[in-house]
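Here's the structure we're looking at; comments come further down.
There are 2 protein chains.
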Amino acid sequence: MSTRTIRVQADLLATNKRAAAAIREELRGRGVLGVNLLSSPGSGKTTLLESLADRFRGRYRMAVIEGDIETERDAERIRRKGVPAWQITTGGACHLEAKMVGKVLGQVPADIDFLFVENVGNLVCPASYDLGEDVRCVLLSTPEGDDKPAKYPQAFLSADALVLTKTDLVPYVPFDPARAAAEALAIKPSLRVFAVSALRGEGLDELAAWFIEALERLRSGRA
Amino acid sequence: MSTRTIRVQADLLATNKRAAAAIREELRGRGVLGVNLLSSPGSGKTTLLESLADRFRGRYRMAVIEGDIETERDAERIRRKGVPAWQITTGGACHLEAKMVGKVLGQVPADIDFLFVENVGNLVCPASYDLGEDVRCVLLSTPEGDDKPAKYPQAFLSADALVLTKTDLVPYVPFDPARAAAEALAIKPSLRVFAVSALRGEGLDELAAWFIEALERLRSGRA
Numbered sequence: 265m266s267t268r269t270i271r272v273q274a275d276l277l278a279t280n281k282r283a284a285a286a287i288r289e290e291l292r293g294r295g296v297l298g299v300n301l302l303s304s305p306g307s308g309k310t311t312l313l314e315s316l317a318d319r320f321r322g323r324y325r326m327a328v329i330e331g332d333i334e335t336e337r338d339a340e341r342i343r344r345k346g347v348p349a350w351q352i353t354t355g356g357a358c359h360l361e362a363k364m365v366g367k368v369l370g371q372v373p374a375d376i377d378f379l380f381v382e383n384v385g386n387l388v389c390p391a392s393y394d395l396g397e398d399v400r401c402v403l404l405s406t407p408e409g410d411d412k413p414a415k416y417p418q419a420f421l422s423a424d425a426l427v428l429t430k431t432d433l434v435p436y437v438p439f440d441p442a443r444a445a446a447e448a449l450a451i452k453p454s455l456r457v458f459a460v461s462a463l464r465g466e467g468l469d470e471l472a473a474w475f476i477e478a479l480e481r482l483r484s485g486r487a
Numbered sequence: 265m266s267t268r269t270i271r272v273q274a275d276l277l278a279t280n281k282r283a284a285a286a287i288r289e290e291l292r293g294r295g296v297l298g299v300n301l302l303s304s305p306g307s308g309k310t311t312l313l314e315s316l317a318d319r320f321r322g323r324y325r326m327a328v329i330e331g332d333i334e335t336e337r338d339a340e341r342i343r344r345k346g347v348p349a350w351q352i353t354t355g356g357a358c359h360l361e362a363k364m365v366g367k368v369l370g371q372v373p374a375d376i377d378f379l380f381v382e383n384v385g386n387l388v389c390p391a392s393y394d395l396g397e398d399v400r401c402v403l404l405s406t407p408e409g410d411d412k413p414a415k416y417p418q419a420f421l422s423a424d425a426l427v428l429t430k431t432d433l434v435p436y437v438p439f440d441p442a443r444a445a446a447e448a449l450a451i452k453p454s455l456r457v458f459a460v461s462a463l464r465g466e467g468l469d470e471l472a473a474w475f476i477e478a479l480e481r482l483r484s485g486r487a
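In structure tokens form, the structure reads like this:
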């Protein structure tokens, strides 16, 4: 990479960091937990959000910002769950940036508990962009293979939690959940690891409880 | 995106295009078919190459250049099949560029038939970078979902063939191969579509035959 390329990248990241800090301050002021979901395409981010919508219904209020290169599909899926959702289409860009989230933030109701941001499906580029979230989750679906953390370390290093998804497929794919977790923990020892099957409703209570704890910590000023 | 960002991106792509043209000329001169494999992480690119190694053994000679952010794992898997392989680790970069491939090309034996380049697992960024290949294949694995072509159009638009992988999982995942194919064909009507299960050895003969046809076309000057 040339010096010029590196400098432009550093400028972009510094600009992004400022926008992210403003979002974080805004969300904390509102008492809203911001969550950034990262993964490869098709790892189950939208399906996980649909499941959380079912679990939180009547108890906690959530909103979702969806990032995709094209289409409104994911926002439409979330809205069908009765959850307000905004679709950001990046038109080619491989990740969300904080300023894109900032533009939508004014439309998000003030009285929610959780703001989930589903990033563009990409296990590489989104890891470098802080979106002002308090919690970052990386998803790894069982069909992707248990060798992925070491191959894509930045996503795992930058996350607070690893969510192993599609555990119902374990009998049919070469995937060892213990190996995937160990490899991710070698990169980031403080990572919380969850294993879920949205299809079977398994593991979602634990994950939802962890989000609720993080929300309570934020509101008691211990974030 | 700022004007400056766009200009830097355009410069990078123009530089890449020149390097790719040199690789294409070199490979055609040698009578070698260059193939660039693109997909999300864990869609089965390496497994597909292992299967092709078994099919081509004793009939056609192949070599593989592996692209990953970190680790030599994929090249080691290919070498265990008796196929020469070189690992490019990008150290953070989200795609291969032609100059990275160019640096390895001198070490690749001149008497091969196929040079496969497995790109970094990423359905977005690699689509913009010509690596000097004659044939580009995009893989989509069934667990990723049949809604991906419209969400990540550039990868499908830039490809010559779509390979639907892991078809053995169709009974366990919400995936309609016909829908995935139709959506990809709406983006690129000339796309050749293959459906394979490397685990069961299904669909690989058709795909191998297509590569052999492309090689014969190249050598007869009809590329």
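So the protein lines, in turn, are chains A and B.
Just so we're aligned, residue 265 is where the first sequence starts under this note's numbering, counting upward by one.
Just so we're aligned, residue 265 is where the second sequence starts under this note's numbering, counting upward by one.
In this text, a Cβ means the ideal position worked out from N, Cα and C, and glycines have one as well.
Three-state class that DSSP yields for residue i in the structure shown
i                      : result
residue 459 of chain B : strand
residue 380 of chain B : strand
residue 362 of chain B : helix
residue 279 of chain A : helix
Where residue i meets chain A, residues with beta-carbon distance less than 7 angstroms
i                      : result
residue 430 of chain B : 407
Cα-Cα separation between residue i and residue j, rounded to whole angstroms
i                      : j                      : result
residue 474 of chain A : residue 322 of chain A : 18 angstroms
residue 311 of chain A : residue 375 of chain B : 48 angstroms
residue 317 of chain B : residue 292 of chain A : 55 angstroms
residue 407 of chain A : residue 450 of chain A : 21 angstroms
residue 413 of chain A : residue 325 of chain A : 32 angstroms
residue 265 of chain B : residue 479 of chain B : Residue confidence for residue 265 of chain B is low, a pLDDT of 48 falling below 50, so the modelled location carries little weight; the figure read from the coordinates is stated next. Going by the C-alpha atoms only, they are around 41 angstroms apart.
residue 371 of chain A : residue 302 of chain A : 23 angstroms
residue 359 of chain A : residue 482 of chain A : 26 angstroms
residue 343 of chain B : residue 377 of chain B : 17 angstroms
residue 444 of chain B : residue 484 of chain A : 47 angstroms
residue 448 of chain A : residue 418 of chain A : 10 angstroms
residue 346 of chain B : residue 440 of chain A : 27 angstroms
residue 286 of chain B : residue 396 of chain B : 7 angstroms
residue 442 of chain A : residue 432 of chain A : 15 angstroms
residue 466 of chain B : residue 459 of chain B : 8 angstroms
residue 398 of chain A : residue 453 of chain A : 18 angstroms
residue 469 of chain B : residue 404 of chain A : 31 angstroms
residue 363 of chain A : residue 280 of chain A : 7 angstroms
residue 283 of chain A : residue 366 of chain A : 7 angstroms
residue 288 of chain A : residue 415 of chain B : 28 angstroms
residue 472 of chain A : residue 320 of chain A : 8 angstroms
residue 340 of chain A : residue 349 of chain A : 8 angstroms
residue 337 of chain A : residue 411 of chain B : 9 angstroms
residue 391 of chain B : residue 296 of chain A : 37 angstroms
residue 368 of chain A : residue 356 of chain B : 29 angstroms
Residue-level contact to chain B via CB, residue i, 7 angstroms cutoff
i                      : result
residue 412 of chain A : yes
residue 272 of chain A : yes
Test: residue i CB closer than 7 angstroms to a CB of chain A
i                      : result
residue 334 of chain B : yes
residue 468 of chain B : no
residue 358 of chain B : yes
residue 306 of chain B : yes
residue 436 of chain B : yes
residue 302 of chain B : no
residue 485 of chain B : no
9 angstroms Cβ cut-off: residues of chain B touching residue i
i                      : result
residue 322 of chain A : Result: empty, since nearest Cβ-Cβ is about 27 angstroms, beyond 9 angstroms.
Residue i: contacting residues in chain B (beta-carbon distance under 8 angstroms)
i                      : result
residue 441 of chain A : Those do not exist, as residue 441 of chain A stays about 15 angstroms from chain B at its closest Cβ, beyond 8 angstroms.
residue 417 of chain A : 333 and 334
residue 337 of chain A : 411, 414 and 415
Residue i: contacting residues in chain A (beta-carbon distance under 9 angstroms)
i                      : result
residue 383 of chain B : What residue 383 of chain B touches in chain A: nothing, since even the nearest Cβ is about 11 angstroms away.
residue 282 of chain B : In chain order: nothing, as chain A lies at least about 15 angstroms away.
residue 389 of chain B : 358, 386, 388 and 389
Under 8 angstroms by beta carbon: chain A residues contacting residue i
i                      : result
residue 433 of chain B : 407, 433, 436 and 437
Complete runs of the alpha helix (DSSP H) confined to the stretch 285 to 351 of chain B [at least 4 residues]: At a cut-off of 4 residues, the continuous stretches assigned as alpha helix (DSSP H) that sit fully inside the stretch 285 to 351 of chain B are 309 to 320 and 337 to 343.
In chain order, each alpha helix (DSSP H) run of at least 4 residues that lies wholly inside the stretch 396 to 469 of chain A: The qualifying runs are 412 to 415, 417 to 421 and 441 to 451.
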